[in-house]
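Its first residue numbered 519, the sequence shown is counted upward by one per residue in our numbering.
The beta carbon of each residue, even a glycine, is placed where N, CA and C say it ideally should be.
A quick write-up on the structure given underneath.
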Amino acid sequence: MHSGKKVKLTLTPAPDHTGVVFRRVDLNYFPIKADIKYASRLSYATNLSRNGVSIATTEHLLGTLIGLGIDNVFVDIDAEEVPIMDGSASAFVYLINEAGVRHGDAEKKVLNVLKPVHFAVGDRRVSVYPAENYKITYSIEFDHAVVGSQTKTIGIDTASIFENEISGARTFGFLKDVEMLRKNGLALGGSLDNAIVIDTDRVLNSHLRFKDEFVRHKILDVMGDMGLLGYSIRGHVVAHRAGHEIHAGLAKKIRESQAAFEIVPLSALVKHADARNAMEEAAELSSQY
Ligand SMILES: [Zn+2]
C-alpha cells in the first residue's frame, strides 16, 4: 500500500508460546514480536520497529490472527510492509483457511479485563471494560456525506463472525488526502483495487461491500492493534473517532495497569461463566419458591 513494492509473505507454524513473530527474511530472519512495546509511526498504519528494523502496516493481518484464534505463528516477510491485498482481511482469511490450522498442546490463554481502562486525546477515545466475551463497539463521525456517522457493536465470539461480518471490510481514504500522502511517500501502491476511495460526494469504487463498511473496517483495525497485547481479549472495547495512535495508547495503558487485567487459560473463564450461570439459575429457581 504505502511503499508500492511487491512483497512475499509466508505464515509458518510456530511452537506453543511463540506468539506472533514477524521475521524479515531479507535481513537474515531478523525477528520482531508483534508486541505493543515495538509499536511506532502510527499515523496511517501500525508499524513495529526494533533495533532500526521495521515491519509496516501490521494491523489487518494481526486482526485476522486474533479473529481466527491463531496464537502462534511466524510471519516471514521479504520487505518492510505487510501487503495490503484488497484493503481488507479477506485474502488472509481465505489463505489461512486453505492451509488449515494446527492445534497446539498448550492451553489457550486470554487477557481477561478486570477493571475499565481509558485512553483519550481530545474527543478521540477508546476504553475497555470487563465483559464475558470479546466485544467491540466502534463509532465514527466524519463531516462527509458518504461516511457520516456510523456505530456498530459486535461480539467476536467465533471465527465465522469475524469472517462474515468484519474481515471483508476494506480500508478507506479520501481522494483529497491521496496527493498529500504521496508527497510524503505514502499510498504509493494505493488504488481502487485495495482501498475505498471517497471523493467529495461519492465513493469512486463501484460498490460498498456493507452499507457500514467504514465502521466495520475500523473494528478490524482496533482488533489488530489490540492484538499487540499478545492475547485475545475478554472485554468490551469501546472506541469513538479513534485511530491507530489512540488504539495503541490504550494497549500501552492496559499493559501498564497490572491490576486491570489477568492472563488466564480460556478454560478457566468458561468454568467461571458456567459456575456463574449455574448460580444464577439456582438463585432464580429459589426465588420462584
Ligand atoms: Zn485498516
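- Arg542 bridges to which residues according to DSSP? Phe548, Ile595
- Task: State the DSSP-derived secondary structure class of Val619, mapped to helix, strand or coil.
- Result: coil
- The beta strand (DSSP E) with Phe637 in it runs from where to where? 635-639
- Message: Measuring alpha carbon to alpha carbon, tell me which residue in Leu726, Leu699, Leu632 is nearest Val755.
- Response: Leu632
- Please list, in chain order, all residues with a C-beta atom less than 5 Å from at least one heavy atom of ligand 1. Thr689, Asp739
- Strand pairing of Ala757, partner residues [DSSP]: Val644, Tyr656
- Per DSSP, which one or two residues make a beta bridge with Leu566? Ala557, Ile573
- Task: Pick out whichever of Phe540, Thr564, Asp675, Lys627 has its Cα sitting closest to the Cα of Phe779.
- Result: Lys627
- Message: Going by DSSP, what residue range makes up the beta strand (DSSP E) through Glu780?
- Response: 779-783
- Name the two residues that bound the continuous alpha helix (DSSP H) containing Phe732. 731-744
- Message: Quick check on Arg688: does DSSP put it in helix, strand or coil?
- Response: coil
- Can you pull the DSSP bridge partners for Pro531? Val591
- Query: Three-state secondary structure (DSSP) at Asn630?
  - Reply: strand
- Query: Short check: CB of Glu599 to CB of Met519, under 8 Å?
  - Reply: yes
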